[in-house]
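Asker:
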């Protein structure tokens, strides 16, 4: 069973419960290509699923999207930082930007490999000294009801 965008969104809403149920994180499939698999090898469990601890225990930071159809969240744990972007509309979203004033993420330049929902390479991201960023566009377009989960990795 693959979680729907709504199920993923409900699991990630801060204030309701900062933890994502283990069943949801266990349903995130491992990447299919060898290159993608190498990118997330440290997050892989023995059964081939991706275990993103920051989705369950990471501190949530709501990311401002300048398009109301997008819901974005940065989750930061001691071990990793993950960005989740969900298109809640019945149309693809392009021409958007994401911004965050501050977070617990370490400052620096990051590679942004996709864990779920993106086949093309994503734009790199630079986190400022406050743990924030401005006008970030990871992909040219977020598909209809699409969910994109990426892991930030230091360059």
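Residue numbers (the working numbering): -4 to 150. No residue lacks a Cβ here, since even glycine has one placed at the ideal position from N, Cα and C.
(1) Helix or strand or just coil, what does DSSP make of residue 94?
(2) Between 114, 127 and 129, which lies nearest to residue 145 when the distance is taken from Cα to Cα?
(3) Leaving out the 5 sequence neighbours to the left and right, which residues in its chain are closer than 7 Å to residue 92 when beta-carbon positions are compared?
(4) Nearest to residue 134 by alpha carbon, out of 79, 49, 100 and 89?
(5) Can you tell me the Cα-Cα spacing of residue 100 and residue 119, whole angstroms?
(6) Mark residue 121 as exposed unless 16 or more other C-beta atoms lie within 10 angstroms of its C-beta, in which case mark it buried.
(7) How far does the beta strand (DSSP E) with residue 130 in it reach, from first residue to last?
(8) What would DSSP say about residue 54, mapped onto helix, strand or coil?
(9) Where do the ends of the beta strand (DSSP E) carrying residue 66 lie?
(10) Closest to residue 82 by C-alpha separation, out of 76, 98, 65 and 136, would be which residue?
(11) What span of residues does the beta strand (DSSP E) with residue 103 cover, start to end?
(12) Would you decide whether residue 59 is buried or exposed? Buried here means 16 or more other CB atoms lie within 10 Å of its CB.
(13) Is it right to say residue 67 is buried, meaning 16 or more other beta carbons lie within 10 angstroms of its own, or is it exposed?
Answerer: Concretely, from the data shown:
(1) To locate residue 94, count along the chain shown from 1; it is residue 99. Looking at residue 94 - three-state DSSP - the assignment turns out to be strand.
(2) Sequence index remark: in the chain shown, residue 145 carries index 150 (1-based). The shortest C-alpha to C-alpha distance from residue 145 to any of 114, 127 and 129 is the one to 114.
(3) For the purposes of this step, residue 92 is taken as residue 97 along the chain shown, with counting starting at 1. Closer than 7 Å at the Cβ level, and outside the excluded window around residue 92, lie 61, 130, 131 and 132.
(4) Locating residue 134 in the chain shown gives position 139, where the first residue counts as 1. Measuring from the Cα of residue 134, the nearest candidate turns out to be 89.
(5) Position 105 of the chain shown, counted from the first residue, corresponds to residue 100. Position 124 of the chain shown, counted from the first residue, corresponds to residue 119. So the two alpha carbons sit approximately 15 Å from each other.
(6) Position 126 of the chain shown, counted from the start, is the residue given in the question as residue 121. Result: exposed.
(7) Numbered from its first residue, the chain shown carries residue 130 at position 135. Where residue 130 is concerned, the enclosing beta strand (DSSP E) stretches over 128 to 131.
(8) Start at 1 with the first residue of the chain shown, and residue 54 comes out as number 59. Residue 54 falls in the strand class under three-state DSSP.
(9) Here residue 66 refers to the residue found at position 71 of the chain shown. 65 to 71 is the extent of the beta strand (DSSP E) around residue 66.
(10) Position 87 of the chain shown, counted from the start, is the residue given in the question as residue 82. Across the set 76, 98, 65 and 136, the C-alpha of 65 shows the shortest separation from the C-alpha of residue 82.
(11) Position 108 of the chain shown, counted from the first residue, corresponds to residue 103. Note, residue 103: beta strand (DSSP E), 103 to 106.
(12) Here residue 59 refers to the residue found at position 64 of the chain shown. Exposed: under 16 other Cβ atoms inside 10 Å.
(13) Working through the chain shown from its first residue, we reach residue 67 at position 72. Buried, because 16 or more other Cβ atoms sit within 10 Å of the Cβ of residue 67.
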